[in-house]
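Data block below; observations after.
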Amino acid sequence: MVAYDVLGSLVPIKRTLQAIDCQNQANKDSEEPSNKRVRPLGRVSSLANLISPVRNGAVRRFGQTIQSMSFRGDGNGGKTPGVPQKPCSKAVAPTPPKRRNSTLWSETLDVHQKGTFSTKEIKRQEAIFELTRGEQDLIEDLQLARKAYHDPMLKLSIMSEEELTHIFGDLDAYIPLHEDLLAQLARATGPDGTVGQIGQIVVSWLPGLNAYRDYCSNQVAAKALLDQKKQDRRVQDFLQRCLESPFSRKLDLWSFLDIPRSRLFKYPLLLKEILKHTAPEHPDTPHLELAITIIQGVLSDINMKKGESESQYYIDKLEYLDDRQRDPRIDQCKSLLCHGELRNKSGTKLHVFLFTELLVMTRSVTRNEHHCFQVYRQPIPVQDLVLEDLQDGDVKMGGSFRGAFSNSDKAKNIFRVRFHDPSQGQSHTLQVNDVFHKQQWLNCLRSAISVHHPADAAVTTPASSLADDEADENCPLTPAGATSASSSLCGDETPSPTSTSPSSRSSSSSSSPLSSPSPKHKTKKDKRSLCALGKRKETMV
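Numbering-wise, the UniProt record's numbering puts 402 at position 402 of the sequence shown, and it's gapless, one number per residue.
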């Protein structure tokens with residue numbers, strides 16, 4: 001015996017009977033008491049409506065999951081009587097981030113038109129085209145920061161208007177500035193797509209970039225406020241949604257706010273590239289050279305203004321436990337040369353600030369929900385500062401119980417700073433994360449010291465200054481080729497402003513008169529130190 005299914009195909013009788021039993025069971029289940037507690041479909045599906053209709057795939061899939069959960073919860077055991085279950089559809093891929101158009105100028109020309117230009121002219125037009133496209137991108141980013149971040153947060157009361165003004169600055173004032181340059185370049189573009197002369201345009205336009213002085217000088221405070229507001233769950237959620245949206249190109253809010261500053265430092269490179277591919281006899285050549293001089297002056301002024309603002313911001317954040325720690329020279333500091341987190345010999349994290357007049361070591365603390373820097377020990381005036389470049393393994397750094405019983409805690413990337421007169425304060429052995437940052441610190445410290453003590457007027461330090469335990473334990477690095485005893489200090493040398501690399505430091509220090517004379521009778525300890533110095537000299541980069 002055979003039977004036909006709904007499509008008219010032949011099926012075995014056993015399968016037919018199973019289908020009938022399933023249908024009877026479904027009808028029986030449908031006759032359950034009407035007072036059974038069932039989750040309303042509308043209540044569950046309304047949860048999906050709480051999710052804003054963004055295009056991001058991850059959020060969209062989350063909403064689809066909630067909706068599918070509501071449908072599964074309405075049936076008995078996840079099955080709807082008499083309704084065949086549809087196979088699960090494949091997960092929708094997330095929306096890819098928006099990409100910038102990277103078309104080259106030469107790609108806008110046809111084959112015949114491209115053959116009419118020389119290779120040098122094509123490269124010149126490519127550089128001009130890159131300048132133009134960069135201005136268009138900057139305008140789009142400024143508009144995006146206003147429309148996608150500033151205005152929604154103001155409308156939803158996620159931040160106050162005062163806070164948004166402090167973070168975003170006056171973005172609207174900069175958009176017309178860049179639109180003006182675009183309009184001038186468009187008028188200078190010929191029918192064949194080339195720009196004949198651009199020098200006079202940029203010479204007259206570049207001084208307007210001084211408008212960014214206030215914006216750049218406010219960036220340190222703006223970044224600190226933004227980081228503080230990110231602790232708010234509403235701000236955090238809003239920024240995360242924007243980051244996951246295609247329009248953000250996977251960039252966070254601060255990346256958009258920092259784009260104008262990074263754009264400023266691209267102008268000299270772009271102008272030099274245009275000048276590089278411009279013939280010397282071209283009328284643009286003198287104007288481009290003048291434009292490069294102008295933009296460098298603008299950037300110098302912006303950097304100076306930004307440095308003063310940054311320096312004052314951190315000076316205001318300093319907290320003194322003892323009034324004797326406050327050095328009056330702190331008010332004379334007009335620039336912050338370098339700052340960052342380092343560790344001292346005991347393993348304590350210190351945030352170190354190198355101002356033009358003072359080296360200040362602090363601990364990062366929070367007072368009344370405000371972040372500040374508690375001054376640690378006595379600040380060292382730069383004019384009294386002695387720097388010692390220590391080799392890896394010269395010092396054992398503490399900070400862990402296990403390290404006290406092992407020899408694996410020998411420190412790397414370390415240097416020491418101290419007063420020229422040891423009676424004024426203790427020395428500090430500081431550790432940096434890597435070789436690169438250590439070299440940056442050494443360069444900044446040497447540059448600051450050289451302002452107060454030029455190489456021809458350096459002050460020598462007697463060997464007896466190593467009386468304290470910390471200095472006696474660690475033998476400082478002596479210049480390559482020097483014949484001084486192990487007690488001489490490399491930090492006593494005041495390097496010239498040009499000595500920014502270890503190799504140049506070694507060559508310039510070998511004839512320095514600052515090393516103390518070699519004693520006639522060397523002890524065993526002195527001989528071992530000299531041997532160690534010889535080995536260090538070989539490993540210097």
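The beta carbon of each residue, even a glycine, is placed where N, CA and C say it ideally should be.
Measuring alpha carbon to alpha carbon, tell me which of the options ends up nearest residue i.
i: V428; options: C444, R343, Q391; result: According to the sequence displayed, residue 428 carries His and not Val. Ranking C444, R343, Q391 by Cα distance to H428 puts R343 first.
i: E121; options: G193, L264, I139, Y320; result: G193
i: A411; options: Y320, A188, V435; result: V435
i: A148; options: E179, D214, F238; result: F238
i: Q374; options: C444, Q424, M361; result: M361
i: L253; options: A145, R133, V382, S364; result: A145
i: P268; options: F256, E289, T278, P283; result: E289
i: I128; options: H277, P260, L138; result: H277
i: A211; options: V352, R241, L171, T189; result: L171
i: F353; options: L181, P381, T366; result: P381
i: I167; options: S245, D227, A279; result: D227
i: V417; options: I449, D392, G393, H437; result: I449
i: L445; options: D394, P280, D384; result: D384
i: G208; options: R241, G393, A173, I330; result: A173
i: Y313; options: Q439, L275, G297, C333; result: C333
i: L177; options: I139, S248, P422; result: I139
i: D392; options: L430, P454, H453, S311; result: L430
i: E310; options: L337, S262, Q296; result: L337
i: Q439; options: Q125, L390, I198; result: L390
i: C372; options: E273, L270, I315; result: I315
i: T103; options: H282, L131, V451; result: L131
i: K266; options: L275, E281, L251, I295; result: I295
i: L275; options: K155, R241, V202; result: V202
i: R133; options: T116, R263, F256, V235; result: R263
i: K349; options: K250, E341, H282; result: E341
i: D284; options: D394, E179, S423, V195; result: V195
i: G347; options: R324, V395, L358; result: V395
i: M153; options: A221, R234, S217; result: R234
i: R363; options: H453, Y320, D151, L299; result: Y320
i: D180; options: G169, S204, E126; result: S204
i: D258; options: P191, S160, G169, Q240; result: G169
What residue range does the beta strand (DSSP E) around residue i cover?
i: G340; result: 336-343
i: M361; result: 358-367
i: T293; result: T293 -> not in any beta strand (DSSP E); alpha helix (DSSP H) instead, spanning 284-317.
i: R418; result: 414-419
i: V435; result: Element bounds for V435: not the beta strand (DSSP E) but the alpha helix (DSSP H), 435-452.
i: L354; result: 349-355
Please report the residue range of the alpha helix (DSSP H) in which residue i lies.
i: D394; result: Note, D394: premise wrong, no alpha helix (DSSP H); not H, not E.
i: T429; result: Element bounds for T429: not the alpha helix (DSSP H) but the beta strand (DSSP E), 428-431.
i: K120; result: 119-144
i: K147; result: That residue, K147, is in no alpha helix (DSSP H); it is neither H nor E in DSSP.
i: Q228; result: 219-229
i: I330; result: Looking at the DSSP string, I330 is not in any alpha helix (DSSP H), and its letter there is neither H nor E.
i: L156; result: Where L156 is concerned, there is no enclosing alpha helix (DSSP H), given that its DSSP letter is neither H nor E.
On the DSSP bridge list, what partners appear for residue i?
i: C372; result: V365
i: V386; result: R418
i: P381; result: L358
Contact defined as beta carbons within less than 8 Å: I believe residue i pairs with residue j. What is the distance between those atoms, to the nearest angstrom?
i: S335; j: E308; result: 7 Å
i: Q200; j: H287; result: 5 Å
i: N413; j: V432; result: 5 Å
i: P379; j: D322; result: Rounded, the Cβ-Cβ distance is 12 Å, inconsistent with contact.
i: R213; j: K305; result: 5 Å
i: L243; j: E163; result: Not really, about 20 Å apart at Cβ, beyond 8 Å.
i: L271; j: I292; result: 5 Å
i: L182; j: E135; result: 5 Å
i: A188; j: Q197; result: 7 Å
### Task
Run through the stretch 240-285 for me and flag every whole alpha helix (DSSP H) of 4 or more residues, listed as ranges in chain order.
253-264, 267-276
### Task
Could you pull out every unbroken alpha helix (DSSP H) segment of at least 4 residues lying fully inside the stretch 177-216, listed in chain order?
199-205
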